[in-house]
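Numbered by my numbering, the letters in the sequence shown go through residues 103 to 341 in order. Glycine included, each C-beta is placed from N, C-alpha and C at the ideal position. On a predicted model such as this, the values are computed, not experimentally measured, just so you know.
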Amino acid sequence: MDMLKEHGLEMGHSVRVPITQDWNDNEESVAVPLPVFGGDGEVTVKVFQSLVGSLLWISRCTRPDIAFAVHKASRRTHKPTMGDYKLAKKIARYLSGTKTLRLSMIGREDEPKLLQVVGYSDADFAADKGDRKSVTGGLITIDGMPVSWMCKKQGGVSLSTMEAEFTAASIMARELLGIRELLQELDLRFEEPIPLRVDNQAALKQLDGERASAKAKHIDVHIKNVGDFTMRGIIKPEY
C-alpha cells in the first residue's frame, strides 16, 4: 500500500485488531508529547497528523472496520503523544495484514426486486475516560453492502446506557432518512419501513408508550424523533 510506504511502515508486522479494549485516552494524554520540529526520520506532530489524515481517508471511503480506532486517533491531532503515534501505527499495521478485505456488491437478477436497506446503531457508553462522553457508532447497508457508516462522540454526557443508545438511534434515524430521500430521487425502489437495529432493549421499550418514562424524560426529544419516524412508516426499530 502506498500509504504504508509513504510512512515507512511497509515492513512492520501485522496485528489482528486496530485497537485494544484497554487503550485509555486519559492515560495516553500524560505520555511524552511529540515535538513540533525534528530531524530526518524523527516522529513529529506533522508526521502524526499526516498518518492520521491518511487513515481517516481510508476509513471514510472503504474501511468501516477501522472507524472507531481512527476516531480515537483523530481526536489527538492537536497535541499528540508517542502513545498516540503508536496507536496510529497499530491501525496501519492492521491494514497491512488485511489488504484483501474490501467492500463488494452482489449483482442483481434481471427481474425487478426491492432493495433491502438496513440501519444499525450502537453506542459505547462513557467511552471517553476524560470527559465520560459516549461514542455513537452506525452503519447502513443496501443489499448487505455497507454504504454509509459513522463513529463520532456524542455532544453531551449520557447518564445511562439506554440514553447513549437512544441518542445513537436518533442520529442513525436521520441518516436513514437521508438515504431514503436519495434512493427516491434516483427512482430506486426499496422495502419500507426500513429496519433500524438498536442494541438495547430498554431503549426500544420507550417507544411502546406515548410518553417517556420518568427515568428517560431528559432524552424525550430523541425518543420523539425516533417515534415520529416510526409512526410515519419510515423506519422500524428492532433489536
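With contacts defined as CB atoms closer than 8 Å, Leu136 and Thr179 fail to qualify as a contacting pair. Remark: C-beta atoms of Leu153 and His115 do not approach each other more closely than 8 Å.
A Cβ-Cβ separation of about 5 Å places Pro297 in contact with Val220 under the 8 Å criterion. Residue environment analysis places Arg165 among the buried positions, since at least 16 neighbouring C-beta atoms fall within 10 angstroms of its C-beta.
Judged by beta-carbon spacing, Thr263 lies beyond the 8 Å limit of His324, meaning their Cβ atoms are not closer than that value. Rounded to the nearest whole angstrom, the CA to CA distance from Ser156 to Arg334 is 41 Å. The beta carbons of Ile168 and Ile208 sit no closer together than 8 Å.
Asp330 counts as exposed, since fewer than 16 other C-beta atoms from the protein chains shown sit within 10 angstroms of its C-beta. A Cβ-Cβ contact shorter than 8 Å links Val300 with Glu267.
Ranked by Cα distance from Asp224, the first of Asp245, Leu216 and Val237 is Val237.
Assignment of Met264 by DSSP, reduced to helix, strand and coil, places it in the helix class. The Cβ atoms of Leu216 and Arg291 sit closer than 8 Å to each other.
Lys307 and Asp226 have their C-alpha atoms spaced approximately 20 Å apart. With distances taken between CA atoms, Gln303 lies nearest to Glu340 out of Ser260, Val149, Lys255 and Glu340. For the stretch 171-222, not one full-length beta strand (DSSP E) segment reaches 3 residues or more.
Residue pairing by DSSP places Val237 opposite Asp226 and Lys255 in a beta bridge.
If you draw a straight line from the Cα of Leu189 to the Cα of Asp289, it comes to about 43 Å. Put simply, the backbone Cα of Gly185 is about 46 Å away from that of Glu294. Buried is the label assigned to Val172, since at least 16 other Cβ atoms lie within 10 Å of its Cβ. In this structure Gly280 is exposed. Its beta-carbon is surrounded by fewer than 16 other beta-carbon atoms within 10 angstroms. According to DSSP, Met274 shares a beta bridge with no other residue. In this model, Ile337 and Gly140 are separated by some 53 Å (Cα to Cα). For Met274, the closest alpha carbon among the candidates Trp251, Glu283, Lys235 and Ser260 is that of Trp251.
Taking all protein chains in view, the Cβ of Gly232 is surrounded by fewer than 16 other Cβ atoms within 10 Å, so the residue is classified as exposed. The C-beta of Gln286 has fewer than 16 other C-beta atoms within 10 Å across all chains shown, which makes the residue exposed.
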